[in-house]
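Since the structure comes first, as structure tokens, the remarks are kept for the end.
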Amino acid sequence: MQPNYLIVGSGLSALVFGALMANSGKKVQLLEAHEHPGGFGHTFELAKKYRFNAQLHYVWDCGEGQTVNRVLKKLGLDQEVTFERYDPDGFDHMRMPGYKLNMPSDPDELVRRLSALFPDNSKQIRRFVDAVERTGAGMKKLSPPIDPMMLVKHPVEVIGTAQYLNSTLQDVFDKFQLPQAAQTLLALQWPDFLLPPNQLSFYAWVALFRGYQSGAFYATQHFEHVINALVNVIESHGGQVLLSHKVTRFKLTERTVTGVEATDLVTQKTHQFTGDIVICNIDPQQAAKMIGENMFSKTVRRKLDYEYSASNFMAYCVVKDLDMRDYGFGKWNLFHTGHQSLNEAFSQMYEHNDFSNPSFAITTPTLLTDANRDCPEDCQVVELLTVANYGYFKALKARDRKAYYQKKQEILDSILDVIEERYVPNFREHMVFHVTGSPTTNERYCLCPQGNSYGSKLTPKNMGLGRLNHQASLNHFYFCNASSGYPGFAPTVWTGALLYQRLSGDVILGDR
Ligand SMILES: Cc1cc2nc3c(=O)[nH]c(=O)nc-3n(C[C@H](O)[C@H](O)[C@H](O)COP(=O)(O)OP(=O)(O)OC[C@H]3O[C@@H](n4cnc5c(N)ncnc54)[C@H](O)[C@@H]3O)c2cc1C
0 MQPNYLIVGS GLSALVFGAL MANSGKKVQL LEAHEHPGGF GHTFELAKKY
50 RFNAQLHYVW DCGEGQTVNR VLKKLGLDQE VTFERYDPDG FDHMRMPGYK
100 LNMPSDPDEL VRRLSALFPD NSKQIRRFVD AVERTGAGMK KLSPPIDPMM
150 LVKHPVEVIG TAQYLNSTLQ DVFDKFQLPQ AAQTLLALQW PDFLLPPNQL
200 SFYAWVALFR GYQSGAFYAT QHFEHVINAL VNVIESHGGQ VLLSHKVTRF
250 KLTERTVTGV EATDLVTQKT HQFTGDIVIC NIDPQQAAKM IGENMFSKTV
300 RRKLDYEYSA SNFMAYCVVK DLDMRDYGFG KWNLFHTGHQ SLNEAFSQMY
350 EHNDFSNPSF AITTPTLLTD ANRDCPEDCQ VVELLTVANY GYFKALKARD
400 RKAYYQKKQE ILDSILDVIE ERYVPNFREH MVFHVTGSPT TNERYCLCPQ
450 GNSYGSKLTP KNMGLGRLNH QASLNHFYFC NASSGYPGFA PTVWTGALLY
500 QRLSGDVILG DR
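Last residue of the sequence shown: 511 (numbering that gives the first Met the number 0), numbering continuous.
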């Protein structure tokens, strides 16, 4: 019997959609090209003892009654899949020459801390933080599925929020005339978007910033457990997750998608798969190219015309006989910049491939939970993240592999120089393992075009009214991924759950 839902890709939104459908009695089959499920959320093991999650560092909306919790409850997983909260008194530690700010959950405390650093600007700071709060509340009313009554009941919030539809974070910093250093401290989590303030949608920044303010979390049993739990729901309800199956063609009868052709990457054999409805978790632009762009409606073609988000550099490191807590690390991330202006820092790294004064994030997964599944007892995992240019790395790798490896090493070295100078002297002496990932690594393992990290670029244009959603304009075919919803752990859980809600009529996301 063919499945009710044939799902291409096993990223988070696909797994959530598949698990919810399987749990409701539908037959579900997923095809995933990689040997691990989870897309960017997959975990890999190296040297037979170190485990790294590909890209998930910290997540939001996991508290009681929030999106992730609602979905887990529906799946009967809320007791099994739990989360540890980052320090609410400072979930992100922002560091730049001359300034330190530990980002608190409480907006009033944020105003107090920033006002202590910039006493002449306390009024502007208060007004900016209030605008962020109001915009965040308004965005909840405006997020799909929109309830028209909600708009009528809250006109001030809605109109106040709508005024920022086309604004970048920089536009809003300028409007409130925040001092440069305050702007930089507030926006230092830029690796979470891989965009600087002068390009980043204010909406995107507000959603993530407020999300983490209301609770930044790490999975108690690491993120591998979250992915495995979702796969287990699918399989225990008779569904299938077929790994190492790369979809090479979508099959259509006129404008109805009926199935796909996939290559088993282990046997190199080609197989045909059919489904009543086909769900597309792979990049929508890529899928449209495979299907033929002219098959899609004009409106969808316009929405598919998005620019990809930037790609990134990652270093997965293991240190031995070094407790990062002795050097000020703990249940928080550290974000560093040497530049006063993040717009300049970004441009130097992304456009000029110059990492001599890098801005980057440091995360320490081992310190975020007591479940020690990522490395031996005497070790800790430390991950480093910054932006990297796909075109540059792709060309370098094709032209000169040695130069490609040297560039990765150069980026790592300049980050390690900063770490040793400012945060952990002798870090290198304790580093017993490391592996680095570039934009081409993302492309190779997650099959994301141009190594894009967050789907479509998080600019005002892509975050506005013309944003793609689940509707693909073909029969029996829906998009379900970061670019047709929103990127991030909680947003992709929401994307999968919203599609489930729309197709099944079973309301689980609840009131806003
Ligand atoms: C550097 C980085 C850091 C991040 N950090 C965080 C973080 O700290 N917190 C957070 O909340 N989010 C973070 N994210 C974002 C988050 O990981 C993603 O938004 C989310 O996991 C994307 O899920 P998705 O459903 O869109 O699918 P994806 O993860 O994009 O998965 C798509 C899947 O489809 C498969 N596929 C593609 N083509 C084919 C094909 N032809 N046949 C079969 N399978 C195919 C791929 O192999 C992949 O498994 C980060 C992302 C990056 C890159």
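Glycine residues also receive a C-beta, built at the ideal position from the N, C-alpha and C atoms.
Test item: CB-CB of residue i and residue j under 8 Å
i, j, result
"T167", "L199", "yes"
"S23", "T494", "no"
"T362", "E382", "yes"
"I414", "P357", "yes"
"L19", "L74", "yes"
"C279", "V317", "no"
"P196", "Q182", "yes"
"K99", "G238", "no"
"C447", "G214", "no"
"E83", "L333", "no"
"A394", "T66", "no"
"Y305", "K456", "yes"
"I233", "G10", "no"
"S142", "P283", "no"
"P178", "L384", "no"
"E34", "L242", "yes"
"D91", "Q188", "yes"
Residue i beta carbon near ligand 3 (any heavy atom closer than 7 Å)
i, result
"K245", "In the structure shown, ligand 3 is absent; the only ligands present are ligand 1."
Simplified DSSP state of residue i, which is helix, strand or coil
i, result
"T385", "strand"
"L11", "helix"
"D88", "coil"
"Q271", "strand"
"Y4", "strand"
"H429", "helix"
"N120", "helix"
"R511", "With a pLDDT of 45 at R511, under the threshold of 50, the modelled position of that residue is not reliable, and the figure given next carries that caveat. If DSSP states are grouped into helix, strand and coil, R511 belongs with coil."
"F328", "coil"
"G24", "coil"
"A471", "coil"
"L113", "helix"
"Y349", "helix"
"L341", "helix"
"Y453", "coil"
"V131", "helix"
Inter-residue Cα distance where the pair is residue i and residue j
i, j, result
"R126", "F175", "7 Å"
"I124", "L109", "9 Å"
"L341", "H270", "49 Å"
"T262", "A21", "24 Å"
"A115", "S121", "8 Å"
"G509", "A46", "45 Å"
"T439", "K401", "15 Å"
"M93", "W331", "10 Å"
"T81", "Q220", "8 Å"
"M323", "V431", "14 Å"
"A53", "E223", "10 Å"
"Q500", "F478", "14 Å"
"L193", "F51", "21 Å"
"R511", "Y391", "At R511, the pLDDT of 45 sits below 50, so the modelled position is not reliable; the number obtained from the coordinates is stated separately. C-alpha separation (whole angstroms): 43 Å."
"T255", "V386", "39 Å"
"T365", "V380", "6 Å"
"V151", "A136", "15 Å"
"L473", "Q1", "20 Å"
"F295", "A471", "7 Å"
"D325", "K460", "44 Å"
Candidates the options: closest to residue i by CA position
i, options, result
"V58", "A309, A286, G210", "G210"
"I6", "V259, Q169, P424", "V259"
"I158", "K140, D170, D146", "K140"
"E44", "Q162, Q449, V434, F172", "V434"
"A287", "D275, Y404, R300, I276", "R300"
"L14", "D322, S452, L498, D505", "L498"
"A130", "T252, M149, P106", "P106"
"L30", "E132, H244, D173", "H244"
"D86", "G390, M102, R501", "M102"
"K406", "E376, A186, F354, L303", "F354"
"D377", "G37, P2, Y4, Y49", "Y49"
"F249", "R466, G274, K460, D505", "G274"
"F328", "F476, Q28, I418, F208", "I418"
"E428", "M149, T458, D320, R443", "D320"
"S452", "P36, G40, A32", "G40"
Which runs of the beta strand (DSSP E) spanning at least 3 residues fall entirely within the region 363-424, listed in chain order? 378-387
Counting only runs of 4+ residues fully inside the region 182-242, write out the alpha helix (DSSP H) ranges in chain order. 201-212, 221-235
Please give me, in chain order, every unbroken run of the alpha helix (DSSP H) with length at least 4 that falls completely inside the region 42-111. 66-73
Counting only runs that start and end within the region 251-319, where is the beta strand (DSSP E) found for 3 or more residues in a row? 255-263, 269-273, 276-279, 310-319
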